[in-house]
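**Student:**
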Amino acid sequence: MSKTYTRAEVAKNNTEDSLWFIIDSKVYDATEFVDAHPGGEAVLRQVAGQDATAAFYNLHRHEVLTKYEDLCIGTIEGEKPQVFTPKPGDLSPVPYAEPLWLTPAFKSPYYNDSHRRLQKAMRVFTETVVLPEAQAREVDGKYISQELVQKMSEKGVLHMRMGPGKHLHGVNLLDGAVKGEEFDYFHDLIVAQEGVRVNARGFQDGSLAGMVIGLPCVMNFMKDERRKKAIMDEVFSGKKFICLAITEAFAGSDVAGLRTTATKTPDGKHYIVNGTKKWITNGAYSDYFVTGVKTDKGLSVLLIERGEGVETKPIKTSYSLTAGTAYITFDNVKVPAENLLGEENKGIYVILSNFNHERWTMACGSIRQSRIVVEECLKWAHQRLVFGKRLIDQPVIRQKLAKMIALVEANQSWLETITYQMCNMPYKEQSKHLGGPIGLLKMSVTRAAHEIADEAVQIFGGRGLTQSGMGKVIEMFHRTYKFDAILGGAEEVLGDLGVRQAMARFPNAKL
Ligand SMILES: Cc1cc2nc3c(=O)[nH]c(=O)nc-3n(C[C@H](O)[C@H](O)[C@H](O)COP(=O)(O)OP(=O)(O)OC[C@H]3O[C@@H](n4cnc5c(N)ncnc54)[C@H](O)[C@@H]3O)c2cc1C
Numbered sequence: 008m009s010k011t012y013t014r015a016e017v018a019k020n021n022t023e024d025s026l027w028f029i030i031d032s033k034v035y036d037a038t039e040f041v042d043a044h045p046g047g048e049a050v051l052r053q054v055a056g057q058d059a060t061a062a063f064y065n066l067h068r069h070e071v072l073t074k075y076e077d078l079c080i081g082t083i084e085g086e087k088p089q090v091f092t093p094k095p096g097d098l099s100p101v102p103y104a105e106p107l108w109l110t111p112a113f114k115s116p117y118y119n120d121s122h123r124r125l126q127k128a129m130r131v132f133t134e135t136v137v138l139p140e141a142q143a144r145e146v147d148g149k150y151i152s153q154e155l156v157q158k159m160s161e162k163g164v165l166h167m168r169m170g171p172g173k174h175l176h177g178v179n180l181l182d183g184a185v186k187g188e189e190f191d192y193f194h195d196l197i198v199a200q201e202g203v204r205v206n207a208r209g210f211q212d213g214s215l216a217g218m219v220i221g222l223p224c225v226m227n228f229m230k231d232e233r234r235k236k237a238i239m240d241e242v243f244s245g246k247k248f249i250c251l252a253i254t255e256a257f258a259g260s261d262v263a264g265l266r267t268t269a270t271k272t273p274d275g276k277h278y279i280v281n282g283t284k285k286w287i288t289n290g291a292y293s294d295y296f297v298t299g300v301k302t303d304k305g306l307s308v309l310l311i312e313r314g315e316g317v318e319t320k321p322i323k324t325s326y327s328l329t330a331g332t333a334y335i336t337f338d339n340v341k342v343p344a345e346n347l348l349g350e351e352n353k354g355i356y357v358i359l360s361n362f363n364h365e366r367w368t369m370a371c372g373s374i375r376q377s378r379i380v381v382e383e384c385l386k387w388a389h390q391r392l393v394f395g396k397r398l399i400d401q402p403v404i405r406q407k408l409a410k411m412i413a414l415v416e417a418n419q420s421w422l423e424t425i426t427y428q429m430c431n432m433p434y435k436e437q438s439k440h441l442g443g444p445i446g447l448l449k450m451s452v453t454r455a456a457h458e459i460a461d462e463a464v465q466i467f468g469g470r471g472l473t474q475s476g477m478g479k480v481i482e483m484f485h486r487t488y489k490f491d492a493i494l495g496g497a498e499e500v501l502g503d504l505g506v507r508q509a510m511a512r513f514p515n516a517k518l
């Protein structure tokens, strides 16, 4: 690769026996590659001996070149590559590709050095450790490997995804990027937003989203402290998996309509559970099921262990089977009475207690994913040539991009404002004041995702509907953005919650 050539030398290699071309000042010898080129031989012959930079980037992602690096035989004398190749952890130089707090020259009142350290460490970890497996699992549908879970455990990534709290004290968090004692909701936001950068929506949920929504019920409502600690240790060390099993075929948005029953045995020592659960994330491979059940006078929540009478079957959805989405049947399952979480017949408080954090985390992720789509669109509009000019030179495309950028920036700002309240409000106050705003935020974010997905596919054309190549990020987003619009509360339900909470505070006097 250290060899240099002149452009005239390259130009001579345009024959049957020798086919060279230049991409970004690098010389490639594709003589032996012509038959293997996925796009056919003819297009390579058209650029033989020439500078193919524009033609290449008009059709390919940069990562394609890195796959064929062994074809590179040298560089052009006196020239330097112009294409930016990010290293793991780098910030993107594309405008609006990073939130404003990570953009040079912009200031933010919310983030300090520990946030910046964590952001950098989390990005390197995500890109180097998680991303390769995420991409593979999204395609093959297998569940997350024990090896990756182990690495996430050792670096405290599993712990951090539960948000601030005592469970982080004294834990190694990405080799000291942040101390557990100083971890706040802005650190939490960073972990959530960096994590989605793997661009694998099914894997994003498959990488223990069930823990994020299921384990808090154990942490906050299990009475036996020793047992609680033992379960937390098992889950945080990656030895056992946990999920939240509330939804049933008959009861989704309407949680109170659950039909799974838990009947106390005459000696009061056990519950016998019968019923089904539907669409349970990670349910296919979980060991523990935090389960909503009907007891004699209301709803209750039980921790059920996989065992006799518990069966799980994978459900195919629009994203990858790697999410472990499951249909679950409980058939006369005997559950110790001490596995009751919270109070009997008052399980609704257990279920509601974690909704804010779940919805807020989903908003963090969906905004970040929308931003990645904006970045992809900006890059594509900049390089795609149609009718003799770049897409970005078309005013109608600039209008689409303007709308997309505005939606992402508005939602990120609202997210940060709410996050600031979370950092400065005791948990009880959060439940009282933030349920409505977080519901409205999530609704706003997924409505924006709808607009962004739609415009992004238009900008990418056929590639936006193709699962490989230039438009693969867009195709995935367009296929999967609805998960955030339904899971954790449908848009209509959250919008309604936001307005009803506001009405509850409406002044009595006529205005
Ligand atoms: C892939 C996937 C993973 C999931 N993971 C989990 C999990 O881990 N654990 C779990 O317990 N659940 C899980 N769910 C279930 C999810 O939370 C429910 O799908 C969601 O709550 C909506 O319930 P539903 O699908 O039964 O829709 P329904 O309740 O039947 O509602 C259908 C539609 O009706 C409208 N609607 C409903 N109520 C109202 C209202 N009051 N006002 C106006 N409009 C309304 C909304 O548009 C809504 O989308 C998952 C679902 C999917 C698809």
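Residues in the sequence shown are numbered from 8 upward in steps of one, following our numbering.
Beta carbons are placed, not taken as given, at the ideal position from N, Cα and C, and that holds for glycine.
The structure displayed is predicted, hence computed values, not measured ones.
1. What is the DSSP secondary structure of F337, counted as helix, strand or coil?
2. For G81, write down the residues that DSSP places opposite it in a beta bridge.
3. If you measure between the beta carbons of K19 and T82, is that distance less than 9 Å?
4. Rounding to the nearest angstrom, what Cα-Cα distance links K271 and T254 in this structure?
5. Is W286 near ligand 1, in the sense that its beta carbon is under 8 Å from a heavy atom of that ligand?
6. Within 10 angstroms of its Cβ, does K407 collect 16 or more other Cβ (buried), or is it exposed?
7. Cβ of A252 within 9 Å of Cβ of T324?
8. Given 8 Å as the limit, tell me if C371 has its C-beta closer than that to any heavy atom belonging to ligand 1.
9. Grab me the residues of M477's own chain with a C-beta within less than 6 Å of its C-beta, minus the 5 sequence neighbours each way, in chain order.
10. Should the segment 410 to 428 be called in touch with the segment 447 to 456, which here means at least 3 C-beta pairs below 8 Å?
11. Please identify the residue among T283, V381, V203 whose C-alpha is closest to the C-alpha of Q142.
12. Where do the N-terminal and C-terminal ends of the beta strand (DSSP E) with F296 fall, by residue?
13. With H, G and I counted as helix, E and B as strand and the rest as coil, what does DSSP make of E519?
14. For ligand 1, any of its heavy atoms closer than 8 Å to the Cβ of N418?
15. Along the beta strand (DSSP E) that carries T283, what are the first and last residues, could you check?
16. Output the distance between the C-alpha atoms of N289 and I249, rounded to the nearest integer angstrom.
17. Can you check DSSP and say which residues form a bridge with L26?
18. Report whether the distance from the Cβ of G354 to the nearest heavy atom of ligand 1 is below 8 Å.
19. With three or more beta-carbon pairs closer than 8 Å as the criterion, would you say the segment 56 to 64 touches the segment 93 to 104?
20. Taking 8 Å as the cut-off, is the CB of N289 close to at least one heavy atom of ligand 1?
21. Please report the distance separating the alpha-carbon of Y118 from that of Q437.
22. If you draw a straight line from the alpha carbon of T267 to that of K301, how long is it in whole angstroms?
23. Does DSSP classify V305 as helix, strand or coil?
24. Considering only their Cβ atoms, is the gap separating G305 from I355 smaller than 9 Å?
25. Give the single residue among T11, M218, A516 whose Cα lies nearest to the Cα of H166.
26. Between the alpha carbons of Y295 and I287, how many angstroms are there, rounded?
27. Who are the near neighbours of L398 in its chain, counting only those whose CB is closer than 6 Å to its CB and skipping five residues on each side?
28. Can you check whether the CB of G213 is closer than 9 Å to the CB of G331?
29. Determine the direct distance from the alpha carbon of C430 to that of D191, and round the result to whole angstroms.
30. What first and last residue would you give for the alpha helix (DSSP H) that runs through T1?
31. Can you tell me whether T92 is buried or exposed? The criterion is at least 16 other CB atoms within 10 Å of its CB, across all chains shown.
32. Tell me which residues share the same chain as G187 and place their Cβ nearer than 7 Å to its Cβ, disregarding the 5 neighbours each side in the sequence.
33. Smallest Cα separation from F467: which of I459, I481, K435, A456?
34. What whole-angstrom Cβ distance do L385 and L348 have, given they're in contact under 8 Å?
35. Give every residue of the same chain whose Cβ lies closer than 6 Å to the Cβ of I80, excluding the five residues on either side of it in the sequence, and list them in chain order.
36. Assuming V185 and S115 are in contact, meaning their beta carbons sit under 8 Å apart, how far apart are those beta carbons, in whole angstroms?
**Tutor:** On the basis of the data shown:
1. The residue labelled residue 337 in the question sits at position 330 within the sequence shown. Here F337 sits in strand by DSSP.
2. Along the sequence shown, one-based indexing puts residue 81 at 74. G81 has V34 as its beta-bridge partners, per DSSP.
3. Residue mapping note: residue 19 aligns to position 12 of the sequence shown, counting from 1. Residue mapping note: residue 82 aligns to position 75 of the sequence shown, counting from 1. No, these two residues do not count as a Cβ contact at 9 Å.
4. Locating residue 271 in the sequence shown gives position 264, counting from the first residue. Locating residue 254 in the sequence shown gives position 247, counting from the first residue. Rounded to whole angstroms, K271 to T254 spans 22 Å at the Cα level.
5. Residue numbering aside, residue 286 sits at position 279 when the sequence shown is read from its first letter. Yes - ligand 1 has a heavy atom lying nearer than 8 Å to the Cβ of W286.
6. The residue given as residue 407 occupies position 400 in the sequence shown. Buried, since its Cβ has 16 or more Cβ neighbours within 10 Å.
7. On the sequence shown, residue 252 is found 245 positions in, with the first residue counted as 1. On the sequence shown, residue 324 is found 317 positions in, with the first residue counted as 1. Not a contact, by the Cβ cut-off of 9 Å.
8. Taking the sequence shown and counting its residues from 1, the one referred to as residue 371 is at position 364. Not a single heavy atom of ligand 1 lies less than 8 Å from the C-beta of C371.
9. Against the sequence shown, residue 477 aligns to sequence position 470. Taken in chain order, the residues that qualify are R68, R470.
10. Result yes; three or more Cβ-Cβ pairs closer than 8 Å.
11. Position 135 of the sequence shown, counted from the first residue, corresponds to residue 142. Nearest of T283, V381, V203 to Q142, Cα basis: V203.
12. The count along the sequence shown starts at 1 and reaches residue 296 at position 289. Membership of F296 in the beta strand (DSSP E) is indicated by the continuous run 295 to 302.
13. There is simply no residue 519 to check, as the chain begins at 8 and stops at 518 in what is shown.
14. Counting from 1 along the sequence shown, the entry for residue 418 is found at position 411. Shortest gap from the CB of N418 to any heavy atom of ligand 1: 8 Å or more.
15. Residue mapping note: residue 283 aligns to position 276 of the sequence shown, counting from 1. Residue range 277 to 287 is occupied by the beta strand (DSSP E) that includes T283.
16. Locating residue 289 in the sequence shown gives position 282, counting from the first residue. Locating residue 249 in the sequence shown gives position 242, counting from the first residue. Cα-Cα distance, rounded: 8 Å.
17. Position 19 of the sequence shown, counted from the start, is the residue given in the question as residue 26. Per DSSP, the beta bridge partners of L26 are N21.
18. Position 347 of the sequence shown, counted from the first residue, corresponds to residue 354. It does not: the Cβ of G354 is nowhere closer than 8 Å to a heavy atom of ligand 1.
19. They do not touch, by the three-pair rule.
20. Your numbering for residue 289 matches position 282 in the sequence shown. In this structure, N289 has its beta carbon less than 8 Å from a heavy atom of ligand 1.
21. Locating residue 118 in the sequence shown gives position 111, where the first residue counts as 1. Locating residue 437 in the sequence shown gives position 430, where the first residue counts as 1. C-alpha separation (whole angstroms): 21 Å.
22. The sequence position of residue 267 within the sequence shown is 260, counting from 1. The sequence position of residue 301 within the sequence shown is 294, counting from 1. Roughly 6 Å separates the two Cα atoms.
23. Here residue 305 corresponds to residue number 298 of the sequence shown, with the count starting at 1. Correcting the residue type first, residue 305 is Gly in the shown sequence and not Val. Reduced to three states, the DSSP call for G305 is strand.
24. Residue 355 sits at position 348 when you count from the first residue of the sequence shown. Residue 305 sits at position 298 when you count from the first residue of the sequence shown. In contact: I355 and G305 (Cβ atoms closer than 9 Å).
25. One-based indexing of the sequence shown puts residue 166 at position 159. Ranked by Cα distance from H166, the first of T11, M218, A516 is M218.
26. Numbered from 1 along the sequence shown, position 288 holds the residue referred to as residue 295. Numbered from 1 along the sequence shown, position 280 holds the residue referred to as residue 287. Y295 and I287: Cα-Cα distance of roughly 12 Å.
27. What you label residue 398 is simply residue 391 of the sequence shown in a count that begins at 1. Excluding sequence neighbours, L398 sits near A388, R391, I404.
28. One-based indexing of the sequence shown puts residue 331 at position 324. One-based indexing of the sequence shown puts residue 213 at position 206. Taking 9 Å as the cut-off, the beta carbon of G331 is found closer than this to the beta carbon of G213.
29. Locating residue 191 in the sequence shown gives position 184, counting from the first residue. Locating residue 430 in the sequence shown gives position 423, counting from the first residue. Going from the Cα of D191 to the Cα of C430 covers about 6 Å.
30. This structure leaves residue 1 out entirely; the chain is present only between 8 and 518.
31. Stepping through the sequence shown from its first residue, residue 92 is reached at position 85. Here T92 is exposed: its Cβ has fewer than 16 other Cβ atoms, across all protein chains shown, within 10 Å.
32. The residue given as residue 187 occupies position 180 in the sequence shown. Excluding residues within five positions, the ones whose Cβ falls inside 7 Å are L175, H176, G177, V178, L180.
33. In the sequence shown, counting from the first residue as 1, residue 467 sits at position 460. When each option's Cα is compared against that of F467, the closest is I481.
34. The residue labelled residue 385 in the question sits at position 378 within the sequence shown. The residue labelled residue 348 in the question sits at position 341 within the sequence shown. Actually they are not in contact, since the Cβ atoms of L385 and L348 sit about 46 Å apart, beyond 8 Å.
35. Taking the first residue of the sequence shown as 1, we reach residue 80 at position 73. The beta carbon of I80 sits closer than 6 Å to the beta carbons of V34, D36 from its chain, once the five residues preceding and following it are set aside; these are given in chain order.
36. The residue you call residue 185 lines up with position 178 of the sequence shown. The residue you call residue 115 lines up with position 108 of the sequence shown. With a Cβ gap of about 17 Å, V185 and S115 do not count as contacting.
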